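Visitor:
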Amino acid sequence: MRISNILFSRIGKWSKQYANLPDRYIKRSMEQVYWRNPKGINYRANAVIQRKKFYFSVHRPWTAEFRNDNAPGVYRPKVFVEPVKEWNFFCGDRVEVLVGKDKGKQGIVKHIFEERNWVIVDGLNCKLKQMGADKKREFEGIWMQEEQPLLITNEVALVDPSDLAPTTVEWRLTEAGERVRVSIRTGRIIPMPATASQTIDYKSKSTYKEQPKDTEGSVVTEVTFKPKLCTFEMDLMDKMGIKEDRIPPKSYWY
Amino acid sequence: MGPLSKLVNLYRLLSNVNNQTKHLPFTTIARNVSTTKPNYDLMEFFDDPKNWGSNEVKSGRSWQKDEMRLKSNEDLHKLWYILLKERNMLLTMEEEAKNETMLFPSPERLDKVEESMENLEAVVRERNKAYYELETGETGERPGRVETGPFGLKFYYKMREYKVPKHMNKKWQETHQFYKHDKDVEAFLLKYGEKKFLSKRRQYKRDFNHVIGLLKRFPNMDMEALKQQYPDVDIEKAKNNHKCRGHFVPK
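Line by line, the protein sequences give chains A and B.
Per the UniProt record's numbering, the first sequence starts with residue 1, numbered consecutively.
Per the UniProt record's numbering, the second sequence starts with residue 1, numbered consecutively.
1) If we cut at 9 Å on Cβ distances, does valine 220 of chain A have a partner in chain B?
2) Just to confirm, is the Cβ distance from threonine 174 of chain A to isoleucine 189 of chain A under 9 Å?
3) Do valine 95 of chain A and valine 119 of chain A count as a contact pair if the criterion is CB distance below 9 Å?
4) Closer than 8 Å is the cut-off here; do at least three beta carbon pairs connect the region 72 to 82 of chain B with the region 24 to 39 of chain A?
5) Enumerate in chain order the residues of its own chain whose CB-to-CB distance from arginine 61 of chain B is below 7 Å, with the five nearest sequence positions on each side excluded.
6) Whole angstroms is fine: what's the gap from cysteine 126 of chain A's alpha carbon to glycine 100 of chain A's?
7) In angstroms, rounded to a whole number, what distance separates the CA positions of alanine 133 of chain A and glutamine 145 of chain A?
8) In terms of residues, what are the limits of the alpha helix (DSSP H) holding serine 199 of chain B?
9) Tell me whether valine 79 of chain A sits in a helix, a strand or coil according to DSSP, three-state version.
10) Assess contact between the region 45 to 62 of chain B and the region 79 to 98 of chain B, defined as three or more Cβ pairs (one per stretch) separated by less than 8 Å. Is contact present?
11) Can you tell me where the alpha helix (DSSP H) holding valine 220 of chain A begins and where it ends?
12) Just the chain A side, please: which residues come within less than 7 Å of glycine 213 of chain B by C-beta, in chain order?
13) Would you grab the beta carbon distance between threonine 199 of chain A and tyrosine 18 of chain A for me? Rounded to a whole angstrom, and I think it's under 8 Å.
14) Counting contacts by CB-CB distance shorter than 9 Å, is phenylalanine 151 of chain B in contact with chain A?
15) I'd like the span of the beta strand (DSSP E) that includes valine 74 of chain A, first residue to last.
16) Is the Cβ of phenylalanine 26 of chain B closer than 9 Å to any Cβ of chain A?
17) Quick one: which chain B residues come within Cβ less than 8 Å of valine 33 of chain A?
18) Per DSSP, what kind of secondary structure is glutamine 198 of chain A in: helix, strand or coil?
19) Cutting at 8 Å between CB atoms, please list the residues of its own chain near aspartate 122 of chain A, excluding the five before and the five after it.
20) Can you tell me where the beta strand (DSSP E) with threonine 174 of chain A in it begins and where it stops?
21) If you draw a straight line from the C-alpha of phenylalanine 54 of chain A to the C-alpha of lysine 205 of chain B, how long is it?
22) Starting from glutamate 147 of chain B, follow the beta strand (DSSP E) in both directions and report where the run begins and ends.
23) Let me check one thing: in DSSP terms, what residues is proline 166 of chain A bridge-paired to?
24) Expressed to the nearest angstrom, what Euclidean distance is found between the alpha-carbon atoms of threonine 139 of chain B and alanine 130 of chain B?
25) Can you tell me the Cα-Cα spacing of tryptophan 80 of chain B and alanine 238 of chain B, whole angstroms?
26) Going by Cα to Cα distance, which pick from A:Glu82, A:Asp214, A:Val180, A:Gly12 is closest to arginine 60 of chain A?
27) So if DSSP puts glycine 107 of chain A in a beta bridge, which residue, or which two residues, is it bridged to?
28) For cysteine 126 of chain A, which three-state DSSP category applies?
29) Hey, how far is the Cα of leucine 150 of chain A from the Cα of valine 79 of chain A?
30) Kindly list, in the order they appear in chain B, the residues whose Cβ is closer than 8 Å to that of phenylalanine 139 of chain A.
31) Have a look at the DSSP bridge pairing and note the partners of methionine 131 of chain A.
32) Using Cβ-Cβ distances below 7 Å, what residues of the region 109 to 142 of chain B are close to chain A?
33) Please list the partners that glutamine 229 of chain B has in chain A, where partner means a Cβ-to-Cβ separation under 8 Å.
34) Can you pull the chain A neighbours of alanine 187 of chain B, defined as C-beta to C-beta under 7 Å?
Below you can see the structure in the form of structure tokens.
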């Protein structure tokens, strides 16, 4: 496995789903290449020297804030992230906060950060943040409430819809073969919130607004392929009326 | 064709641009897939003026292989040129934005187009391969073989078509060097192997130490998840390490 692929695998599946960006763009925008071997006779062809250690926080890897966090030469202390077998928290889920000043309160998940096992709960676990302070003019700035991330492993728990109490969950299969989250305590299914599949571009697939350069769905699904015993080139030449009956001279492959 | 006749042809081509546009074959098809109006002038290399200086230009996703498999060869051919034009346009806009020190909005569009082009090529290859395998029993792809380079390392050599056989092609012989037995190369390979082995061992050690760090910080961690993430690490061995213990007196 290449280094870039290892780095890329750290970005969570649901973070990528929310971004609605192609994988290669995410890879391209976050990599910091210091050296690439030129083409030609090299003992290591395609060798690349690039940054391997990245610091992940609430800034998404394709943003300028992330690039600022991980500016060339800037390294932060290593963060230990507890391995989690399966991700259970999605945008729109009702969760209970288990720690801090909002302990026992329930809220809705606003953002998920799989790289750090974090969720941000709407309006809970806030910190006051001073902004725009100016000592010269004796202006103390304005104070803003900012939600702080919570660890999914021990700081929040999903809420069972039947008794509105926190519970641990498990993924099981229904009779229809669908994977669902089931509360271990009561055995009730915790339904997937509608906002789980939202992306930065649209809330749900049905509400997607078509852009001028998009191809219509009906045009995409239309079947125009007819099996024929010929290659792509032969078919096109046939359609365009190009005739080729010259015999190519003898050539050698090596 | 002499140079004069070439020039005359070029002149005819340039003077007839406006007349020719009426007979271009892909006017109708272009509208089938993309709704942009063809202009047939240099401004086609630039984006819609509405998008100039904007922060974001929204776009859909790229074409998937499964969707392309439904399309006829003719449609794919047209789609290729639509994508190519779009890519040219985006690359021009990127360069222009760089020159003007402005923001190139939504650079992921380039990746979407390039991904679609890769998928399209893969589908065309698939079709051609099926034909050649049925008719000739070969894939019809560009042949190649695993070769050993001058440094004794293996690489995939893609063959090429030449007019003259190998023994007559002096230039090829000069530019294509393969491995011949050499004492120095043997010595290099030994050291290179050692380097690779050491880096692999260091990686294992790094993973092992990381697992120790994880076990120390999260004693109630899901062991299956740990095993899944670090399949090579001996977790039982890591657990017995003295560094694993937390800062408390064991009961």
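Heads up, the beta-carbon is just placed ideally off N, CA and C, and yes, glycines get one too.
Quick caveat, the model's predicted, so the values are computed rather than measured.
Guide: So, from the data block:
1) Yes, its Cβ sits closer than 9 Å to a Cβ of chain B.
2) Isoleucine 189 of chain A sits close to threonine 174 of chain A, with the two beta carbons spaced by under 9 Å.
3) Result yes, Cβ atoms of valine 119 of chain A and valine 95 of chain A sit closer than 9 Å.
4) At 8 Å Cβ cutoff, the stretches do not touch.
5) Lys112
6) Between the alpha carbons of cysteine 126 of chain A and glycine 100 of chain A lies a gap of roughly 10 Å.
7) 15 Å
8) First-last of the alpha helix (DSSP H) with serine 199 of chain B: 183 to 217.
9) Valine 79 of chain A sits in coil when the DSSP states are folded into three classes, being neither helix nor strand.
10) yes
11) Its alpha helix (DSSP H) spans residues 217 to 221.
12) Phe80
13) Confirmed, about 6 Å.
14) Chain A, which has a Cβ nearer than 9 Å to the Cβ of phenylalanine 151 of chain B, makes this yes.
15) First-last for valine 74 of chain A: undefined, no H or E at that position.
16) Confidence at phenylalanine 26 of chain B is low in this model, with a pLDDT of 40, below 50, so its placement is unreliable and the value that follows should be read with caution. Contact of phenylalanine 26 of chain B with chain A is not assigned, every C-beta pair being separated by 9 Å or more.
17) Per Cβ cutoff of 8 Å: no residues; valine 33 of chain A is ~17 Å from chain B at best.
18) coil
19) Gly107, Ile108, Val109, Lys110, Glu147
20) Membership of threonine 174 of chain A in any beta strand (DSSP E) is not indicated, and neither H nor E is assigned to it by DSSP.
21) 20 Å
22) Segment 144 to 148, the beta strand (DSSP E) holding glutamate 147 of chain B.
23) A:Val159
24) 8 Å
25) 54 Å
26) A:Gly12
27) The partner list for glycine 107 of chain A (beta bridge, DSSP) reads A:Val95.
28) strand
29) 15 Å
30) Going along chain B, no residue has its Cβ under 8 Å from phenylalanine 139 of chain A, so there is no contact; the nearest lies around 30 Å.
31) A:Ile142
32) Asp111, Lys112, Glu115, Val124, Arg127, Asn128, Tyr131
33) Pro83
34) The premise fails here: alanine 187 of chain B is roughly 13 Å from chain A at the closest Cβ pair, so nothing lies under 7 Å.
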